[in-house]
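Sequences listed follow chains A and B, in order. Just so you know, the first sequence maps onto residues 2 to 250 in my numbering. Just so you know, the second sequence maps onto residues 2 to 250 in my numbering. Glycine included, every Cβ here is placed at the ideal spot set by N, Cα and C.
2 protein chains.
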Amino acid sequence: MLKAERQQYILNEVSVHSRIQLSDIADSLGVSIDTVRRDVKELDDNKKLKKVHGGAISLGYNTFPFNHSDIFNREKKSFIAQKAIPLIKENSVVLMSGGTTNLELARLLPPKLHVTVFTPSLPIALQLLAHPNAEVIFIGGKISKDAQLSVGASTVQELSQIRADICFLGTGYLDVNHGLTEFDYEVVQIKKAMIKSSRKNVLLCISDKLNSAQRFKTCDIDAIDCLITELDPEDQILKPFSNFDVLLK
Amino acid sequence: MLKAERQQYILNEVSVHSRIQLSDIADSLGVSIDTVRRDVKELDDNKKLKKVHGGAISLGYNTFPFNHSDIFNREKKSFIAQKAIPLIKENSVVLMSGGTTNLELARLLPPKLHVTVFTPSLPIALQLLAHPNAEVIFIGGKISKDAQLSVGASTVQELSQIRADICFLGTGYLDVNHGLTEFDYEVVQIKKAMIKSSRKNVLLCISDKLNSAQRFKTCDIDAIDCLITELDPEDQILKPFSNFDVLLK
DNA sequence: TTCCTATTTGCAGTTTTTTGCAGTTTTTAT
DNA sequence: ATAAAAACTGCAAAAAACTGCAAATAGGAA
Chain A
2 MLKAERQQYI LNEVSVHSRI QLSDIADSLG VSIDTVRRDV KELDDNKKLK KVHGGAISLG
62 YNTFPFNHSD IFNREKKSFI AQKAIPLIKE NSVVLMSGGT TNLELARLLP PKLHVTVFTP
122 SLPIALQLLA HPNAEVIFIG GKISKDAQLS VGASTVQELS QIRADICFLG TGYLDVNHGL
182 TEFDYEVVQI KKAMIKSSRK NVLLCISDKL NSAQRFKTCD IDAIDCLITE LDPEDQILKP
242 FSNFDVLLK
Chain B
2 MLKAERQQYI LNEVSVHSRI QLSDIADSLG VSIDTVRRDV KELDDNKKLK KVHGGAISLG
62 YNTFPFNHSD IFNREKKSFI AQKAIPLIKE NSVVLMSGGT TNLELARLLP PKLHVTVFTP
122 SLPIALQLLA HPNAEVIFIG GKISKDAQLS VGASTVQELS QIRADICFLG TGYLDVNHGL
182 TEFDYEVVQI KKAMIKSSRK NVLLCISDKL NSAQRFKTCD IDAIDCLITE LDPEDQILKP
242 FSNFDVLLK
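Structure, rendered in structure tokens:
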């Protein structure tokens, strides 16, 4: 049996099963395990597979793309949350929508700060339980599995009873022409109600989501009092928004 | 099985479920717990996950707090939950309180079962989001940080509007003389309201909590239609309860 | 063909890694 | 405070990897 033939067989096995064991290959090919080991080492050197103790695994096998990109964006989101914190006054009433940027805000809330937080988002509520001085009030209702927050008429109804000092809106797309948009109709209804119930509306928005729009509209840019991104307020990307009556941070 | 493969499996489990338990992994992979511990330690060193006492959690946003009480006595609680599942009929309306036994029930709910679940408990709601056919309705209100569920007048008020087929009560102490008791007054108010709103009341109770009482009373034993423990219904410990009109399972 | 050389292959001995176990220490929940 | 669960430690057996070497093989060149 030719060496090239053997290596082709090994590559094929790896691609089919995502993994191989040296002993298996040695058995089925009828060669010594050392030979297989040497073949695998060579293939590893040529970046055709990944050699591991006892065998080899496919190169694409262990990729967790979401993990890395998420960690990457997390720094931006932390940064945004940090900028948002000074807007929260002692003993104020805060309204928070869902989204990971808001989650970061909930996580970074100064422990000494006394606040009352209303939220329809399960992850946000859970995160706030860890805060020693936050009074958490959950706006109940039918839970949307995608958005992990309360939606529906009763939620909107409950929100209408609230008068908050400040509202933090996460996860949304902002565009000069289309305003604030979402791809989930039910979430739009909730956000509309939140905006109506709050004296001041702050949008936490990672710059990737600027200048893009989705199907459903939450509000015009005018309805936003403050836009916080991870960028410098003077950044070119934010230029189009400076014409509106929006505080850029 | 290759070490690399095992670690891949662990990473995948963590990524899917946000958390893992060393013993679970050891069981399902058929290796010793020490091996899993070493794997997890290595993955932690490589910043692929975060090792915690008893298991590991995902690095990303972890809304599911890894609570050690849910690995405490988990086998018994799983067993109790298994016994409770047949009581839930297709298309029924279920009311669930908090507690780790109920959490186990939520986790083990058959995926094909269509149910509407009302709950004031954040962990339960979050767990149910993973269920494909459960409609989840959260009873909102002021959140108790200890019990991780909605308490207060508005929650009681909302509960009073519900008519559920069956109610599952977790975390409580049951005693022949004192009935069902709790150490949290606010939780008692919620449970009272839940019992009133349900046609049938089922108590999921680990035997350790039998024959003990706490400060505040939820109801008499009569109010319970069915008591489920991890014991055999004929067990001596359950004898005192058989005089009441309670189905023992 | 025959001889020569470079490569490949298998083998034996040694080193390293992996894994489960037992005993001890630490952590956790009640 | 106490008892149970989990973590840590060192150890030993087993598996795998590495090393050097010699035999086998292939491919030319004479």
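(request) Assuming lysine 218/B contacts cysteine 168/B (C-beta within less than 8 Å), just tell me the rounded distance between them. (result) On the second sequence, residue 218/B is found 217 positions in, with the first residue counted as 1. On the second sequence, residue 168/B is found 167 positions in, with the first residue counted as 1. Wrong, their Cβ atoms sit about 17 Å apart, outside the cutoff.
(message) Mapping the DSSP letters down to three states, classify leucine 249/A as helix, strand or coil.
(response) On the first sequence, residue 249/A is found 248 positions in, with the first residue counted as 1. In the structure shown, leucine 249/A sits in a strand (DSSP, three-state: E or B).
(request) Just the C-alpha distance for serine 161/B and serine 208/A, rounded to the nearest angstrom, thanks. (result) Against the second sequence, residue 161/B aligns to sequence position 160. Against the first sequence, residue 208/A aligns to sequence position 207. For serine 161/B and serine 208/A, the distance between alpha carbons rounds to 45 Å.
(request) Check the Cβ-Cβ distances between valine 53/A and every residue of chain B, and say whether any is below 8 Å. (result) As a working mapping, residue 53/A is identified with position 52 in the first sequence. It does: the Cβ of valine 53/A has a partner Cβ on chain B nearer than 8 Å.
(message) Which residue marks the beginning of the beta strand (DSSP E) containing glutamine 22/A, and which one marks its end?
(response) Position 21 of the first sequence, counting from 1, holds the residue named residue 22/A. Glutamine 22/A -> beta strand (DSSP E) spans 20 to 22.
(message) Under 8 Å: do the segment 99 to 115 of chain B and the segment 116 to 136 of chain A share three or more Cβ pairs, one atom per stretch?
(response) Counting Cβ pairs under 8 Å, fewer than three are found: no touch.
(request) With a threshold of 16 other CB atoms inside 10 Å of the CB of glutamine 237/A, please say whether the residue is buried or exposed. (result) Taking the first sequence and counting its residues from 1, the one referred to as residue 237/A is at position 236. When all chains shown are included, glutamine 237/A counts as exposed.
(request) Run down chain A in chain order and give the residues with a C-beta less than 8 Å from the C-beta of leucine 123/B. (result) For the purposes of this step, residue 123/B is taken as residue 122 along the second sequence, with counting starting at 1. Those are Leu123, Ala126, Leu127, Leu130, Phe139, listed as they occur along chain A.
(message) Quick check: what's the CA-CA separation for serine 213/B versus lysine 240/B?
(response) To locate residue 213/B, count along the second sequence from 1; it is residue 212. To locate residue 240/B, count along the second sequence from 1; it is residue 239. Their Cα atoms are separated by approximately 15 Å.
(message) Considering only the alpha carbon of each residue, which of Ile163/A, Asp147/A, Arg164/A, Gly141/A lies closest to glycine 273/A?
(response) An answer regarding residue 273/A cannot be provided, because it is not within the stretch 2 to 250 covered by chain A.
(message) Please report the straight-line C-alpha distance between alanine 57/B and glutamate 14/B, rounded to a whole angstrom.
(response) Position 56 of the second sequence, counting from 1, holds the residue named residue 57/B. Position 13 of the second sequence, counting from 1, holds the residue named residue 14/B. The alpha-carbon atoms of alanine 57/B and glutamate 14/B are separated by roughly 10 Å.
(request) Leaving out five residues on either side along the sequence, give the residues of the same chain with a beta carbon under 8 Å from the beta carbon of phenylalanine 80/B. (result) On the second sequence, position 79 is the one that residue 80/B refers to. Taken in chain order, the residues that qualify are Glu231.
(request) Using a Cβ cut-off of 9 Å, pull out every chain A residue sitting near glutamate 151/B, in sequence order please. (result) Taking the first residue of the second sequence as 1, we reach residue 151/B at position 150. According to the sequence shown, residue 151/B is serine rather than glutamate. In chain order: Ile138, Phe139, Gly141.
(request) Could you tell me which chain B residues have their CB closer than 9 Å to the CB of isoleucine 58/A, listed as they occur along the chain? (result) Here residue 58/A refers to the residue found at position 57 of the first sequence. Neighbours of isoleucine 58/A on chain B, chain order: Leu3, Ala5, Glu6, Gln9.
(message) For serine 146/A and serine 122/A, what's the separation of their Cα atoms in angstroms?
(response) As a position in the first sequence, residue 146/A is number 145, starting the count at 1. As a position in the first sequence, residue 122/A is number 121, starting the count at 1. It should be noted that the sequence gives lysine, not serine, for residue 146/A. Using only the alpha carbons, I get a separation of about 11 Å.
(request) Consider the Cβ of lysine 146/B: report whether some Cβ of chain A lies at a distance smaller than 8 Å. (result) To locate residue 146/B, count along the second sequence from 1; it is residue 145. Yes, because at least one Cβ of chain A sits closer than 8 Å to the Cβ of lysine 146/B.
(message) Going by beta-carbon coordinates alone, are methionine 259/B and leucine 30/B separated by less than 8 Å?
(response) Because chain B here runs from 2 to 250, residue 259/B falls outside it and cannot be looked at.
(request) Using beta-carbon positions only, say whether lysine 77/A and lysine 250/A come within less than 8 Å of one another. (result) Against the first sequence, residue 77/A aligns to sequence position 76. Against the first sequence, residue 250/A aligns to sequence position 249. Taking 8 Å as the Cβ cut-off, lysine 77/A and lysine 250/A do not qualify as a contacting pair.
(message) Using only the alpha-carbon positions, how far apart do tyrosine 174/A and isoleucine 229/A sit?
(response) Along the first sequence, one-based indexing puts residue 174/A at 173. Along the first sequence, one-based indexing puts residue 229/A at 228. Between tyrosine 174/A and isoleucine 229/A, the C-alpha separation is close to 13 Å.
(message) Please state the DSSP three-state secondary structure of lysine 240/B.
(response) Position 239 of the second sequence holds residue 240/B. Helix.
(message) So within the segment 118 to 176 of chain A, which uninterrupted beta strand (DSSP E) runs reach at least 3 residues, ignoring any that extend past its ends?
(response) 135 to 139, 142 to 145, 150 to 152, 167 to 170, 174 to 176
(request) Using three-state DSSP, classify valine 32/B as helix, strand or coil. (result) If you number the second sequence from 1, residue 32/B lands on position 31. In this structure, valine 32/B counts as coil in the three-state DSSP scheme.
(message) Taking 8 Å as the threshold (beta carbon to beta carbon), is arginine 20/A in contact with chain B?
(response) Numbered from its first residue, the first sequence carries residue 20/A at position 19. So, interface residue.
(request) Can you say whether alanine 5/A is buried or exposed, counting buried as having 16 or more other CB atoms within 10 angstroms of its CB? (result) On the first sequence, position 4 is the one that residue 5/A refers to. Exposed: under 16 other Cβ atoms inside 10 Å.
(request) State the Cα-Cα distance for the pair serine 199/A and threonine 182/A, rounded to the nearest angstrom. (result) What you label residue 199/A is simply residue 198 of the first sequence in a count that begins at 1. What you label residue 182/A is simply residue 181 of the first sequence in a count that begins at 1. Rounded to the nearest angstrom, the two C-alpha atoms are 19 Å apart.
(message) Looking at the strands, I want to know which residues DSSP matches up with threonine 182/B.
(response) Start at 1 with the first residue of the second sequence, and residue 182/B comes out as number 181. Threonine 182/B is bridged to Tyr174/B, Lys218/B.
(request) Answer with buried or exposed for valine 189/B, where buried requires no fewer than 16 other C-beta atoms within 10 angstroms of its C-beta. (result) Counted from its first residue, the second sequence places residue 189/B at position 188. Valine 189/B should be labelled buried.
(request) Let me know if valine 17/A comes out buried or exposed under the rule of 16 or more other beta-carbons within 10 Å of its beta-carbon. (result) Taking the first residue of the first sequence as 1, we reach residue 17/A at position 16. Under this definition valine 17/A is an exposed residue.
(message) I'd like to know whether the C-beta atoms of leucine 106/A and alanine 82/A end up nearer to each other than 8 Å.
(response) Locating residue 106/A in the first sequence gives position 105, counting from the first residue. Locating residue 82/A in the first sequence gives position 81, counting from the first residue. In this structure, alanine 82/A lies closer than 8 Å to leucine 106/A by Cβ.
(message) Can you tell me whether asparagine 178/B is buried or exposed? The criterion is at least 16 other CB atoms within 10 Å of its CB, across all chains shown.
(response) As a position in the second sequence, residue 178/B is number 177, starting the count at 1. The residue in question, asparagine 178/B, is exposed, as its Cβ has fewer than 16 Cβ neighbours within 10 Å.
(request) Compare the C-alpha of arginine 20/A against each of Ile34/A, Asn47/A, Val53/A, Lys48/A and name the closest. (result) Translated into positions along the first sequence, residue 20/A becomes position 19. If we check each option's Cα against that of arginine 20/A, Val53/A comes out closest.
(request) Compare the C-beta of glutamate 159/A against all C-beta atoms of chain B and say whether one is closer than 8 Å. (result) Along the first sequence, one-based indexing puts residue 159/A at 158. For glutamate 159/A, the nearest CB of chain B lies under 8 Å from its own CB, placing it at the interface with that chain.
(message) With a threshold of 6 Å on Cβ separation, who are the neighbours of valine 137/B within its own chain once the five nearest residues in sequence on each side are excluded?
(response) Stepping through the second sequence from its first residue, residue 137/B is reached at position 136. Once the five neighbours on either side are set aside, the close Cβ partners of valine 137/B are Val118, Ala126, Leu129.
(message) Looking at valine 203/B: is its Cβ nearer than 8 Å to the Cβ of cysteine 220/B?
(response) As a position in the second sequence, residue 203/B is number 202, starting the count at 1. As a position in the second sequence, residue 220/B is number 219, starting the count at 1. Result no, Cβ atoms of valine 203/B and cysteine 220/B do not sit closer than 8 Å.
(message) Let's test the definition: count the other Cβ atoms within 10 Å of the Cβ of glutamate 235/B and tell me whether it reaches 16, buried, or not, exposed.
(response) Start at 1 with the first residue of the second sequence, and residue 235/B comes out as number 234. Under this definition glutamate 235/B is an exposed residue.
(request) Taking only the alpha-carbon atoms, compute the straight-line gap between leucine 104/A and proline 87/B and give it to the nearest angstrom. (result) Here residue 104/A corresponds to residue number 103 of the first sequence, with the count starting at 1. Here residue 87/B corresponds to residue number 86 of the second sequence, with the count starting at 1. Spanning the two alpha carbons is a distance of roughly 37 Å.
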